[in-house]
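Residue numbers (my numbering): 44 to 439.
What follows is a single structure, written as structure tokens, with notes after it.
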């Protein structure tokens with residue numbers, strides 16, 4: 044009986060993930076009906092593709108769940124090298140596939156795979172392993188923080204070469220968050236954060252199209268038919284939603300007014316059709332999933348599984364940062380970036396990789412529960428054995 048292992052599944056996290064995915068399927072269907080009918084003659088073609096992506100993602104999540112996290116920790120260096128190779132490959136003409144002026148995709152098995160989606164996860168796995176291996180150096184010296192930040196900066200430069208400023212921002216903030224949680228000294232964190240913010244600002248000012256995005260974001264109504272078109276249409280959609288929305292399927296902006304309505308600007312269609320109530324429910328689901336990820340990280344930390352704790356925290360940070368940026372872009376709070384709303388927007392690479400990472404989060408929960416119960420069993424054994432020893436001594 045002692046050798047029997049129990050499967051531990053976090054049904055709270057699973058329920059939240061399924062709720063977000065199902066809401067996403069509904070909104071992708073609604074937002075894509077017009078463009079799907081025009082492009083293929085099948086109004087539900089994007090729904091059918093999204094269902095296939097979800098199926099593939101859940102299969103991969105099951106496979107990832109079966110992989111022990113200590114194996115990933117041992118493979119941290121090879122995984123990092125694989126991430127860097129992927130990001131170099133996508134920049135090679137003939138290998139990297141160009142869409143809308145950006146070289147972000149590699150053609151695999153008949154569809155375009157966005158290399159940065161997988162590369163970011165592999166880099167964060169390495170950062171989590173670094174935080175465990177170099178824990179003392181990270182907590183006591185500036186160099187312990189500068190080295191992983193330098194790595195994040197190098198990977199961010201590869202992403203910017205595609206160009207993909209949004210992915211670079213999400214990776215840097217998520218990796219930086221893991222290092223801060225791991226115990227990097229606050230004064231070093233503040234110095235590096237200031238330097239990073241300055242570097243980001245410089246990168247924006249030096250590249251004309253990024254600067255144009257910032258200026259159009261500050262005042263989209265100054266050029267509503269050109270540089271500010273996407274944002275103004277998004278703001279119109281959100282404003283039309285009011286309290287309860289115009290009704291599911293009744294959006295006007297998705298009718299070829301709002302570009303990328305089923306991908307980057309899905310949130311705007313949701314706000315238009317479901318109103319403030321729908322927005323509040325969506326935000327609550329994401330906040331709850333981020334909170335649950337940090338709760339799993341705490342559970343792993345109590346079981347003395349530091350690497351696993353950083354993995355779970357990394358998932359929560361990544362999910363929260365990307366969702367916040369996407370929603371901020373839709374609402375005109377942040378400059379426009381090509382980032383999907385995780386688990387909701389139509390996006391092949393994004394959906395598959397995110398669901399695979401969900402499998403890793405559930406694996407951390409499983410191992411944390413095993414570790415916690417094992418520690419509790421050990422404590423009970425010690426408590427039970429001590430009185431028996433004292434009684435035996437007294438009888439003797």
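Where a beta carbon is used, it is the ideal one built from N, C-alpha and C, also for glycine.
Since the model is a prediction, treat every value here as computed from it, not as a measurement.
- Here residue 369 is buried. Its C-beta has 16 or more other C-beta atoms within 10 Å.
- If you draw a straight line from the Cα of residue 88 to the Cα of residue 79, it is about 6 angstroms long.
- Judged by DSSP secondary structure, residue 154 falls within the beta strand (DSSP E) whose first and last residues are 154-157.
- As a beta-bridge residue in DSSP terms, residue 136 pairs with 139.
- Annotation for residue 369: the continuous alpha helix (DSSP H) segment containing it runs 349-373.
- If the five residues before and after residue 360 are omitted, its C-beta is found closer than 6 angstroms to the C-beta atoms of 217, 220, all from its own chain and listed in chain order.
- For residue 182, the three-state secondary structure derived from DSSP is helix.
- For residue 283, the enclosing alpha helix (DSSP H) begins and ends at 272-284.
- Residue pairing of residue 151 in beta bridges, as defined by DSSP: 154.
- Rounded to whole angstroms, the separation of the alpha carbons of residue 264 and residue 338 is 42 angstroms.
- With respect to the 9 angstroms criterion, residue 170 and residue 222 are classified as neighbours on the basis of their beta carbons.
- Look at the beta carbons and you see the stretch 318-337 not touching the stretch 293-305: under three pairs across the two are nearer than 8 angstroms.
- If the five residues before and after residue 298 are omitted, its C-beta is found closer than 6 angstroms to the C-beta atoms of 77, all from its own chain and listed in chain order.
- Taking the Cα positions, residue 67 is about 14 angstroms away from residue 58.
- Judged by their CB atoms, residue 158 and residue 312 are not nearer to each other than the 9 angstroms cut-off.
- In the three-state reduction of the DSSP assignment, residue 212 falls in the helix class.
- In the three-state DSSP reduction, residue 380 falls in the coil class, being neither helix nor strand.
- For the pair residue 365 and residue 210, the Cα-to-Cα distance works out to about 9 angstroms.
- Straight-line spacing of the CA atoms in residue 405 and residue 399 works out to 10 angstroms.
- Bounds of the alpha helix (DSSP H) holding residue 83 are 54-83.
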